[in-house]
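Novice: With the sequence shown counted from 1, adding 297 to any position gets you my numbering.
Ideal placement from N, C-alpha and C gives every residue a C-beta, glycine not left out.
Treat the numbers as computed from the prediction; the structure is a model and nothing was measured.
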Amino acid sequence: MNQDVFFAFGVTLFAGLATGIGSLMAFTAKRFSPKFLSASLGLSAGVMIYVSFVEVFPKAKESLEAAFGETQGYWYTLLAFFAGMGVIALIDNLVPSHENPHELKNVPCKRQKRKPDEKTLLRMGIFSALAITIHNFPEGIATFMAAMKDPALGIGIGAAI
Numbered sequence: 298m299n300q301d302v303f304f305a306f307g308v309t310l311f312a313g314l315a316t317g318i319g320s321l322m323a324f325t326a327k328r329f330s331p332k333f334l335s336a337s338l339g340l341s342a343g344v345m346i347y348v349s350f351v352e353v354f355p356k357a358k359e360s361l362e363a364a365f366g367e368t369q370g371y372w373y374t375l376l377a378f379f380a381g382m383g384v385i386a387l388i389d390n391l392v393p394s395h396e397n398p399h400e401l402k403n404v405p406c407k408r409q410k411r412k413p414d415e416k417t418l419l420r421m422g423i424f425s426a427l428a429i430t431i432h433n434f435p436e437g438i439a440t441f442m443a444a445m446k447d448p449a450l451g452i453g454i455g456a457a458i
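This is how it looks when you write it as structure tokens:
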């Protein structure tokens with residue numbers, strides 16, 4: 298294996314570990330205010346959108362134009378962009394609404410008195426792990442491929458993730 302593969306793997310590993318380290322905040326704080334959560338989510342979304350449009354989209358367009366010509370490469374870039382949106386919408390529709398954390402409605406304020414049984418907890422854990430894997434797998438591939446093509450771009454994507 299050449300040096301680029303190790304570098305790309307390292308950037309991808311860093312991005313994954315940073316996600317895990319960031320999730321530790323949930324275990325260290327007793328309670329987060331809605332303002333803090335909103336600001337954190339807004340910052341995260343802003344960084345991801347910035348990297349997507351300022352770094353990733355132009356690089357993809359450049360690569361596809363080099364491979365297929367200026368006009369065809371441009372249309373392939375747009376097609377891939379909207380196909381990605383379609384795949385995400387499809388995945389979102391395939392996840393049952395009662396399991397989808399983005400679709401929570403009518404969440405009761407009171408805690409339930411009964412403890413969930415082991416089977417329910419196992420099912421919830423499996424669905425959570427599956428959702429996180431489905432979400433993070435494309436990010437890992439994108440980070441690795443970007444770092445292989447352009448180390449600076451890979452670092453930017455890894456930092457955004």
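With H, G and I counted as helix, E and B as strand and the rest as coil, what does DSSP make of G366?
Specialist: G366: coil per DSSP, three-state reduction.
Novice: Using C-beta distances below 8 Å, list every residue in its chain close to I388, excluding the 5 sequence neighbours before and after it, in chain order.
Specialist: Around I388: I431.
Novice: If I'm right that F304 touches A456 with Cβ under 8 Å, what's the distance once you round it to whole angstroms?
Specialist: The Cβ separation is near 15 Å, so there is no contact.
Novice: Runs of 3 residues minimum, wholly inside the stretch 306 to 339: which ones carry the beta strand (DSSP E) assignment?
Specialist: None, since the stretch 306 to 339 contains no complete beta strand (DSSP E) of that length.
Novice: Is it true that the CB of F306 sits closer than 8 Å to the CB of F441?
Specialist: Yes. Within cutoff.
Novice: Between G437 and G313, which are expected to be in contact by the criterion C-beta below 8 Å, what is the C-beta distance as a whole number of angstroms?
Specialist: Between G313 and G437 the Cβ distance is about 7 Å, and since that is below 8 Å, they are a contact.
Novice: Measure the alpha-carbon distance for Q300 versus K358 and round it to whole angstroms.
Specialist: If I take the Cα positions, the gap works out to 26 Å.
Novice: Does the distance from the C-beta atom of A428 to that of V392 stay below 8 Å?
Specialist: In contact: A428 and V392 (Cβ atoms closer than 8 Å).
Novice: Going along the chain, which residues of its own chain have a beta-carbon closer than 8 Å to the beta-carbon of A363, five neighbours each way excluded?
Specialist: The residues are G370.
Novice: Just the Cα atoms here: how many angstroms apart are G343 and I454?
Specialist: If I take the Cα positions, the gap works out to 13 Å.
Novice: Counting C-beta neighbours from all protein chains within 10 Å, is the total for Y373 16 or more, i.e. buried, or is it exposed?
Specialist: Result: buried.
Novice: The alpha helix (DSSP H) spanning N433 covers which residue range?
Specialist: Note, N433: alpha helix (DSSP H), 415 to 446.
Novice: Are the Cβ atoms of L419 and K356 separated by less than 8 Å?
Specialist: No; because the gap between Cβ atoms is not below 8 Å, this pair is not in contact.
Novice: Just the C-alpha distance for M382 and D414, rounded to the nearest angstrom, thanks.
Specialist: Approximately 37 Å, taken between the alpha carbons.
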